[in-house]
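Colleague: In this note's numbering, the protein residues as written are 448 to 924.
There's a structure below that I have some questions on.
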Ligand SMILES: [Zn+2]
């Protein structure tokens, strides 16, 4: 039963049929996968092929990409006022587009989405849920999603997670991201609902309350941001909580740089084998990225096209060079308010596709996200210092200052890093300079008091949500 269903689903996904997939069939397939696992303990040989998707065959990839780009562009030219105009201005025939012609389509920026959101809405699609970006870079963009999109992504996500054993019926997910990240929250809740597993949407409440929920009610999977994870690890340390107090089997994070120091501390504190550092972004859902064991960020070629573009010329970045990720989710995986060549401004290193040599080598890949393009610092020597360089160096200080609060700027040709008193405690200026140098960062060090330090760098866990648990006793109560 499952084998037949999987074959049919592969066919539907690989035929580039330009029709919407049946979300009801997808939900039944998730049921079949669970029943097969219950009976046989493993999903069967064909399931791996489904996970790799139709893009797994390297010989078929160029044609698949071109077909998908054309299908998506053709629909946008008919239904999206923004892209109809854009293709005409660039003298692009959407029915003829390929990866070369694609380079003549200007990238879409967050600014476009903020200024003209209505022009991205496609005729004929029914908006159901609005979601706003919750990153730390300025005004939010608002994306409308259709009911079909949410059901489709939840179905595809549930099926892949069940077949990978990332999601079991007896799992309980604790969502500790901003409650305003409605797409992420609804999508995860819908995915867990399809499998019949538990889901607790907690938001970024005071860390002690999140720890109480994890410890007392026994969540098995935690979804959060690296900065909030840092707060949880510190709070657990203060309370003397350790692996025996939790029953987590995995932690998933995304949206910020996860440093090796914090990842190791989270593994020790919560007793998990792995903290999964995934790539995901509201504007380009459902295209996501996963790290392989070689440390590449791999993208699902079925869902969309991923480019690494030179930061200045917007041409493809050469292997080894820095570039920004530009992502085009394909139709029929996105229908309501799609983007085409969306410039995420997330900086990565381009990789040579023929030399990946890892277990996920058939899926397109880049290096890990190094930070936002406007946060790169260039020294007169030509050296570029990235937010990842700084977060990793600061978070490996012996004081465990998680999440990293710092400011960095180039002053008179030298890098200056500002840190809090408590972050540099025990090391002083000279010791901190030495520590940064041992991480490959030659910098002068400035120190501010702790109260001021919280304003040095915005992080996602700054979106704290208050509760009445620890509020003062009310007058007259
Ligand atoms: Zn890899």
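Note that the Cβ used here is the ideal one computed from N, Cα and C, for glycine as well.
#1: Given this structure, state the Cα-to-Cα distance separating residue 468 from residue 671, to the nearest angstrom.
#2: Is it the case that the Cβ atoms of residue 722 and residue 710 are separated by a distance below 7 angstroms?
#3: On the three-state DSSP scale, how would you describe residue 529?
#4: Is it a yes or a no for the segment 607-621 touching the segment 662-670, going by three-plus beta-carbon pairs under 8 angstroms?
#5: Would you kindly check if the distance between the Cβ of residue 769 and the Cβ of residue 791 is under 7 angstroms?
#6: Beta-carbon separation of residue 526 and residue 674 under 7 angstroms?
#7: Distance check for residue 489 and residue 481, CA to CA, integer angstroms please.
#8: Determine, using beta-carbon pairs with one atom in the segment 630-641 and one in the segment 655-666, whether at least three such pairs fall under 8 angstroms.
#9: Would a C-beta distance cut-off of 7 angstroms place residue 534 and residue 541 closer than the cut-off?
#10: Which same chain residues end up closer than 7 angstroms to residue 512 when comparing Cβ atoms and leaving out the 5 residues on each side of it in sequence?
#11: The alpha helix (DSSP H) that contains residue 638, what's its start and end?
#12: For the structure I just gave you, are there three or more beta carbon pairs, one from the segment 548-559 and one from the segment 688-702, closer than 8 angstroms?
#13: For ligand 1, I want to know if residue 803 counts as a neighbour, meaning its beta carbon is within less than 6 angstroms of at least one of the ligand's heavy atoms.
#14: Sorted by chain position, which residues of the same chain lie with C-beta nearer than 7 angstroms to residue 682's C-beta, five sequence neighbours on each side aside?
#15: Helix, strand or coil for residue 758 per DSSP?
#16: Beta carbon of residue 795, beta carbon of residue 816: below 7 angstroms?
#17: Taking the DSSP output, what are the residues bridged to residue 789?
#18: Tell me which residue opens and which closes the beta strand (DSSP E) that residue 671 is part of.
#19: What is the DSSP secondary structure of residue 621, reduced to helix, strand or coil?
#20: Can you give me the Cβ contacts of residue 596 inside the same chain, cut-off strictly under 7 angstroms, excluding the 5 residues immediately before and after it?
Modeller: So, from the data block:
#1: Using only the alpha carbons, I get a separation of about 30 angstroms.
#2: yes
#3: helix
#4: yes
#5: no
#6: no
#7: Rounded to whole angstroms, residue 481 to residue 489 spans 10 angstroms at the Cα level.
#8: no
#9: Yes, these two residues count as a Cβ contact at 7 angstroms.
#10: Within its own chain, the residues whose Cβ lies closer than 7 angstroms to the Cβ of residue 512, once the five positions on either side in sequence are excluded, are 546 and 752, listed in chain order.
#11: 629-642
#12: no
#13: yes
#14: 654, 655 and 658
#15: coil
#16: Taking 7 angstroms as the cut-off, the beta carbon of residue 795 is found closer than this to the beta carbon of residue 816.
#17: 555 and 774.
#18: First-last of the beta strand (DSSP E) with residue 671: 668-671.
#19: Residue state for residue 621 is assigned as strand, using DSSP reduced to three classes.
#20: 781, 782 and 783
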